[in-house]
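These notes concern the structure reproduced below.
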Amino acid sequence: VPAPFPFIFELTVSKKGRSPVSRSISVDVVDQILPKVGLTYEGGVLTPDGLVALNLQDRIIIRGFCDDPNNVKYAWSVTPFVNLTNPSIAPLGSKTVDLVLQPNPEVFTPGNRYMISFGATTRIGATSETKITIVVNSPPRGGTFSVCLLNLADASSCIKTGFISPGSTFFL
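The numbers in the numbering used here rise by one with no breaks, and the one at position 135 of the sequence shown is 1243.
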């Protein structure tokens, strides 16, 4: 039986000497069978905090899946808003089971996070959704870079420092 109001689940994490942090999620109980959805992706690198990091020139292919694919309509969205009808950003559009996302410097800001949502809606309007968060890497800036070819017998000493071409051959 549907509840007349949403349930609010709240989680508070606290540690001695630190301010507690709380998050809540609203859950609506409905009298419908909801589609089960999920997603996988190709491209990018999973970071320790669960984000998928992309370089600005990389593309990511995100594949949605649903337990009842013949009876649902799919929809993708990105927050903050990204126009997925633009073929230079999402060549397959936003209504297919796969989303090909080509980061574009005019649309994606390096260092920013983007939440990508995949939803499946049945003919009677029951909707399920899953999300993934990507972050667009910022290019390196400032600082210095040097290379040190280590002596295997004594890893604390350098045999050669400075610029070393990736194709260099070293004679020892």
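The beta-carbon is built from N, C-alpha and C at its ideal position, and this holds for glycine as well.
With a CB to CB cut of under 7 angstroms and the five nearest residues on each side skipped, what residues in its chain are close to S1246?
-> For S1246, same chain residues with a beta-carbon under 7 angstroms away, outside a window of 5 residues either side, are P1218, G1219 in chain order.
Taking DSSP as the reference, what is the three-state secondary structure of N1259?
-> Strand.
Can you give me the Cβ contacts of T1148 inside the same chain, cut-off strictly under 6 angstroms, excluding the 5 residues immediately before and after it?
-> Correct list, in chain order: R1171.
Between V1186 and the rest of its own chain, which residues show a CB-CB distance below 6 angstroms, the 5 nearest in sequence each way excluded?
-> Cβ neighbours of V1186 within its own chain (closer than 6 angstroms, five residues either side excluded): Y1222, I1224.
Contact the segment 1201 to 1220 vs the segment 1153 to 1168: 3+ CB pairs below 8 angstroms | With a cut-off of 8 angstroms, the segment 1153 to 1168 and the segment 1201 to 1220 count as touching, because enough Cβ pairs lie within range.
Evaluate the contact criterion for the segment 1150 to 1157 versus the segment 1122 to 1142: three or more CB pairs, one atom per stretch, below 8 angstroms.
-> Short answer: they don't touch.
Report yes if the C-beta distance between S1122 and P1114 is below 7 angstroms; otherwise report no.
-> The Cβ atoms of S1122 and P1114 do not sit closer than 7 angstroms to each other.
Could you tell me how far apart the beta carbons of F1173 and G1146 are, in whole angstroms, since I believe they sit closer than 8 angstroms?
-> Confirmed, about 5 angstroms.
What span of residues does the beta strand (DSSP E) with S1134 cover, start to end?
-> Element bounds for S1134: 1129 to 1135.
Who are the near neighbours of V1243 in its chain, counting only those whose CB is closer than 6 angstroms to its CB and skipping five residues on each side?
-> The answer, listed in chain order, is L1159, A1161, R1221.
Look at the alpha carbon of Y1182 and the alpha carbon of P1199, and state the distance between them as a whole number of angstroms.
-> Roughly 16 angstroms separates the two Cα atoms.
Please name the residue in D1176, R1131, S1130 whose C-alpha comes closest to that of K1144.
-> Here the closest residue by C-alpha is D1176.
Using a threshold of 7 angstroms, state whether the C-beta atoms of N1072 and T1230 are closer than that.
-> Coverage of the chain is limited to positions 1109 through 1280, which leaves residue 1072 absent and any answer about it impossible.
On a CA-only basis, which of W1184, E1150, L1142, T1120 is nearest I1232? Give me that one, please.
-> The candidate whose alpha carbon is nearest that of I1232 is L1142.
Opening and closing residue of the beta strand (DSSP E) in which L1200 lies | Bounds of any beta strand (DSSP E) do not take in L1200, whose DSSP letter is neither H nor E.
Is S1130 near T1120, with beta carbons less than 7 angstroms apart?
-> It is a contact, given that the beta carbons lie within the stated cut-off.
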